[in-house]
Amino acid sequence: MKRCISCFALKDFGEAYSNFLLKEIEKGNNNVRKCAIQSLVQFIQKNHHMSKTDDIMKRLISQFSEANNYQSRIAFLQVYEQFTQNFSRQFFKNYNLNEAVLLLASDKVYEVRKKFVENALNVRKMLEGED
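Structure, rendered in structure tokens:
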């Protein structure tokens, strides 16, 4: 067992795991997506490599909030919703999450705008108040 564990560097595992989670958030059904989002939150919270968190957040914004596929934009709103329950306003400011989510308020697809409205209280919470 010890030999097997040493075959994988923690960095490689983190890369593969985050890629897997992002793929499941994008392509999975709602139940799988919800579990993948919760796992991603835990992964980011326990991740001690800031550069990895930076990479994940850049990918989340480009791959989801700016996606041509409206379902990916809805997935971003679901991620945002979970993040509001687990991360500080400073985290949102550091990664420009509020700016990304506000752009979805005027999305061309009704379902995306509807999901934004469902998240409006979470958005407001992250924009107002003290850290």
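Sequential numbering from 2 applies to the sequence shown in the numbering used here.
Built from N, CA and C at the ideal position, the CB exists for glycine as well.
- The DSSP-derived three-state label of Gly15 is helix.
- Around the beta-carbon of Gln91, fewer than 16 other beta-carbon atoms lie within 10 Å, marking it exposed.
- Sequence-distant Cβ neighbours of Ile38 in its own chain, meaning closer than 7 angstroms and more than five residues away, are Ile26, Gln79, Val80, Gln83.
- At least 8 angstroms separates the beta-carbon of Leu61 from that of Asn99.
- Residue state for Tyr96 is assigned as coil, using DSSP reduced to three classes.
- From the listed residues Ile75, Gln43, Val33, Thr85, the smallest Cα separation to Leu122 is found for Thr85.
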